[in-house]
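Colleague: Take this structure, written in structure tokens, and hold onto it; I'll ask about it next.
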Amino acid sequence: LQPTVTLLCLSLLPHHTLLTIIGGRVAKPHSRPYMAYLKRKTCKGEETCGGFLVREDFVLTAAHCLAEPAELSNAIYTIPLPQVGHVVDPGSVCSVAGWGKTKRHVILTSSILHEVKLEVMTDKTCQKDGLLRRYYKPSKMMCVGDPDEDKASFSGDSGGPLVCDGKAQGIVSFGKGDGSPPRVFTRVSAYVPWIKKTMRGLSSPGYLPSW
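Mapping of the sequence shown onto mature numbering (1 follows the signal peptide of the UniProt record, and there is no 0): residues -19 to -1, 1 to 192, in sequence order.
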């Protein structure tokens, strides 16, 4: 049997725009070796999204796209997961990268990886937002992006990691349709037990997990 890359998918909430990088810059080549560019065909055409390699045969994302294993190298590598239940302090500056749209009123996504630094906000910042509070759950989500800054993830970036101190603490999830911050990210630390259990159960033949 041919080994495959398994996608660990955390569902996006319905009726929200997928996300992209706004106010960022072009990422330095090979600076984010864990990033995965995912493309899938839908009834509306092709959609792109991001993901990140947590093991050579597992990509964590919010979509379903890959079918081949990744060959690890200096340019392709995994990113560590956080400890179970770890909470990133509000005020922390993290980064997110993706191939999504770089402007709100454009149709095409980017062919070049972009990155942006974003501030982790308090849960109250999203809970008091009229369009976000209905869906926001602090135990499973993170509120990211200063409302006073024009920087955010947006269409096409869904599934990409929020990287804080070298670990994948969040996953690009959803936000307001106009792309304005704050945006909501899935809290990875809330799902670490499920992620590890799933990877143990679906390990490639001959692969011995390191945990």
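Using N, Cα and C, we set each Cβ at its ideal position, and we do this for glycine too. Values in this document were obtained by computation on a predicted structure and should not be read as measured data.
Mark residue 193 as exposed unless 16 or more other C-beta atoms lie within 10 angstroms of its C-beta, in which case mark it buried.
Modeller: The requested residue 193 is not part of the displayed model; the chain covers only -19 to 192.
Colleague: According to DSSP, simplified to helix, strand and coil, what is Ala17?
Modeller: If DSSP states are grouped into helix, strand and coil, Ala17 belongs with the strands.
Colleague: Tell me whether the stretch 127 to 136 and the stretch 57 to 73 touch, counting them as touching only if at least three CB pairs, one residue from each stretch, are closer than 8 angstroms.
Modeller: No contact exists between the stretch 127 to 136 and the stretch 57 to 73.
Colleague: Within the stretch 87 to 160, note down every full beta strand (DSSP E) run reaching 3 residues or more, in order along the chain.
Modeller: With a minimum length of 3 residues, the continuous beta strand (DSSP E) runs that stay inside the stretch 87 to 160 are 95 to 100, 122 to 125, 142 to 145 and 148 to 155.
Colleague: Does the beta-carbon of Ile152 have 16 or more other beta-carbons within 10 angstroms, so that it is buried, or is it exposed?
Modeller: When all chains shown are included, Ile152 counts as buried.
Colleague: Report the CB separation of Ser139 from Gly66 in whole angstroms; it is logged as a contact under 8 angstroms.
Modeller: 24 angstroms between Cβ atoms; not a contact.
Colleague: Is there at least one Cβ from chain C nearer than 8 angstroms to Ile57's Cβ?
Modeller: Looking at the structure shown, chain C is missing, and only one protein chain is on hand.
Colleague: Find out if the Cβ-Cβ distance for the pair Ala149, Val169 is shorter than 8 angstroms.
Modeller: Yes, Cβ-Cβ distance for Ala149 and Val169 is below 8 angstroms.
Colleague: Is Thr179 helix, strand or coil by DSSP?
Modeller: In this structure, Thr179 counts as helix in the three-state DSSP scheme.
Colleague: I'd like the list of long-range same chain contacts for Arg114, defined as Cβ closer than 6 angstroms, with 5 residues on each side in sequence excluded.
Modeller: Excluding residues within five positions, the ones whose Cβ falls inside 6 angstroms are Gln108.
Colleague: Excluding sequence positions up to five away, which residues of its chain have a Cβ less than 6 angstroms from the Cβ of Pro14?
Modeller: Closer than 6 angstroms at Cβ, skipping near neighbours: Ala56, Ile57 and Tyr58.
Colleague: Are Val77 and Val97 close, meaning C-beta to C-beta below 8 angstroms?
Modeller: Closer than 8 angstroms, so yes.
Colleague: Can you tell me whether Pro174 is buried or exposed, with buried defined as 16 or more other CB within 10 angstroms of its CB?
Modeller: Exposed.
Colleague: Over the uninterrupted beta strand (DSSP E) stretch that includes Leu41, give me the two end residues.
Modeller: First-last of the beta strand (DSSP E) with Leu41: Phe39 to Thr42.
Colleague: Identify which residue in Tyr18, Pro63 and Lys9 has its Cα closest to the Cα of Asp146.
Modeller: It is Pro63.
Colleague: Once the 5 residues before and after Glu52 are set aside, which same chain residues still bring their CB inside 8 angstroms of it?
Modeller: So the qualifying residues of the chain are Glu37.
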